[in-house]
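Engineer: Number 91 in UniProt numbering belongs to position 91 of the sequence shown; there are no gaps in the numbering.
I'd like to ask you about the structure that follows.
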Amino acid sequence: MADEVRQLATRTQEATLNIQPLLQRFRQTTEQTVQLTHEGQTLSRQGMAAVTSVRESFSQVNEALDRISSMSVQIASAMEQQGQVAEDLNQQAMRIADASRQSAAKALDGRRISEEIGHQVEGLRSLAERFDR
C-alpha cells in the first residue's frame, strides 16, 4: 500500500507540476485580456470623442452651407434687381434718345419754317419797297 501511496503522491506531484504552467499561462492570458479590455475601453472613449468631434464639425459645415445658401439667394435677388434697374435705365435712355430725335426733327422743322418765313419776309420787303418808290 505504501507503493500505491508513493505512486499517487508522485502522480499528484507530476499533475501539480503540469498544472502550474497551465495556471501561469491562464494568469498571463487573463492579465492580457484585462489589459486589452482597458486598452479597448480607452480606444472606445477616444473613438467616441472623435465621433463627437466629427459630428460637431459636420454641424458647423451644415451651418456654413446654410449661410452660403442664404447669401446665394440674396445675391441672386440683388442681381435680379440690378438687372431690372439696368433694363429700366435702358428703356429710359431709349425714351430720351427718341425725345432727342424728335426734338432735333422739330428743330429742323423750325429752322425750315424760319427760313421760309425769312424768304417770305424778304419777298414782302421787296414788294413793300416797290410800293414805296
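In this text, a Cβ means the ideal position worked out from N, Cα and C, and glycines have one as well.
Tell me whether Met-1 sits in a helix, a strand or coil according to DSSP, three-state version.
Structural biologist: Against the sequence shown, residue 1 aligns to sequence position 1. In this structure, Met-1 counts as coil in the three-state DSSP scheme.
Engineer: Go through the UniProt domain "Methyl-accepting transducer" (1-97) residue by residue and report every complete run of the alpha helix (DSSP H) that reaches 4 residues or more, in order.
Structural biologist: The alpha helix (DSSP H) runs of length 4 or more contained entirely in the UniProt domain "Methyl-accepting transducer" (1-97) do not exist; there are none.
Engineer: Tell me the rounded alpha-carbon separation between Thr-29 and Gln-20.
Structural biologist: In the sequence shown, the residue the question calls residue 29 occupies position 29. In the sequence shown, the residue the question calls residue 20 occupies position 20. Their backbone Cα atoms lie some 14 Å apart in a straight line.
Engineer: Can a CB atom of chain C be found closer than 8 Å to the CB of Thr-33?
Structural biologist: No chain C is part of this structure, which consists of one protein chain only.
Engineer: Can you tell me the Cα-Cα spacing of Gln-120 and Asp-109, whole angstroms?
Structural biologist: The residue labelled residue 120 in the question sits at position 120 within the sequence shown. The residue labelled residue 109 in the question sits at position 109 within the sequence shown. Taking the straight line from one Cα to the other gives about 16 Å.
Engineer: Give the straight-line distance between the Cα atoms of Gln-13 and His-38, rounded to the nearest whole angstrom.
Structural biologist: Mapped onto the sequence shown, residue 13 falls at position 13. Mapped onto the sequence shown, residue 38 falls at position 38. For Gln-13 and His-38, the distance between alpha carbons rounds to 37 Å.
Engineer: Suppose you measure from the CA of Gly-118 to the CA of Ala-128; what does that come to, to the nearest Å?
Structural biologist: Residue numbering aside, residue 118 sits at position 118 when the sequence shown is read from its first letter. Residue numbering aside, residue 128 sits at position 128 when the sequence shown is read from its first letter. The alpha-carbon atoms of Gly-118 and Ala-128 are separated by roughly 15 Å.
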